[in-house]
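Heads up: the sequence shown is residues -4 to 213, going by this note's numbering.
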Amino acid sequence: MKRLRNGEALTTLITRWKNGLKVAIDCSLQEHMSDKEITMTAHQTLYSFAANLRSQNPLFLHLTGLHSDTRLHRALNATWQGFSNPALRASELLPYDIHPPQDVVYLSPDSENVLDSLDDRKVYVIGGLVDLCVMKSLTQFKATQLGLHTACLPVKEYMRVSSSSVHHINLPINLVVNMLISVNTGHSWPQALYEHFPKRKGYSVKLESLQTRGRASN
């Protein structure tokens, strides 16, 4: 992760971000997490930015709803020395305060809307949340209360149950970011799911779907 600590590397990345697919990590969910989960969230956020830094077609990845002197802010500072770099896009404002609410799509495993393609005009929001106890519908409820559009990753469309032990589709932040990077780069959703979906969740990609394209043309 040394490159993330290099101010020049981050500044260069921000320049490349300007025209990238907009993805926000909502950091306003801290009250629902234990200290252990906060630390895990900080690490997953670090991994997300590291993956984006390595991408040839990076996302416009930014943090929202992040207030100073909060547990997550302190955990990010402790985990990531480059976090304080002024080039990094982090804001106390929420996604729908920064972007037009009609353009915001909150990603939630409990949404009935399937994200089958990406739209450069939209802002995709990932809940900055690690919930080891699985608080079902938390992000879906929040988005619905705010009148925001929601969508889920096309897991059920391109994957099948492969284990008797199937877990709730609640993915780590960095793996969702990895999938968005993959599809935004031109890979299909089945390819992105095959590469990044955790096998421990009890799903496997349908082999017949691996040729399906997942990127919208604008």
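Even for Gly, the Cβ is constructed at its ideal location relative to N, Cα and C.
query, result
"In terms of residues, what are the limits of the beta strand (DSSP E) holding V200?", "Y198 to V200"
"Taking the beta carbon of G209 as the centre, do at least 16 other beta carbons fall within 10 Å, making it buried, or is it exposed?", "Confidence is the limiting factor: at G209 the pLDDT is only 44, short of 50, which leaves the residue's position unreliable and the question unanswerable from this model."
"Measuring alpha carbon to alpha carbon, tell me which of L133, Q76 and V156 ends up nearest G197.", "V156"
"At a cut of 8 Å, does the region 14 to 34 reach the region 58 to 70 through at least three beta carbon pairs?", "yes"
"Quick test of your reading: L61 and S86, contact by CB under 8 Å. State the CB separation rounded to the nearest angstrom.", "7 Å"
"In whole angstroms, give me the CA-to-CA distance for L24 and S43.", "18 Å"
"Would you identify the three-state DSSP class for G209, choosing helix, strand or coil?", "For G209, the predicted model reports a pLDDT of 44, less than 50, meaning its position is unreliable; a value from the coordinates is still stated below. In this structure, G209 counts as coil in the three-state DSSP scheme."
"On the DSSP bridge assignment, give the partners of F136 in chain order.", "F136 pairs with nothing; no bridge assigned."
"Looking at L58 and C22, is the spacing between their C-beta atoms short of 7 Å?", "yes"
"Do I20 and I93 have their C-beta atoms closer together than 7 Å?", "no"
"For the candidate residues R84, K201, P104 and P149, whose alpha-carbon lies nearest to that of K224?", "Residue 224 is absent from the structure shown; the chain starts at -4 and stops at 213."
"Expressed to the nearest angstrom, what Euclidean distance is found between the alpha-carbon atoms of S204 and P149?", "12 Å"
"So, using beta-carbon positions, are P193 and Y153 closer together than 7 Å?", "no"
"In three-state DSSP terms, what is I20?", "strand"
"Less than 7 Å between C-beta atoms, sequence neighbours within five positions excluded: which residues of the same chain meet that for R116?", "D98"
"Please state the DSSP three-state secondary structure of R116.", "coil"
"Going by DSSP, what residues sit across from T145 in a beta bridge?", "Y101"
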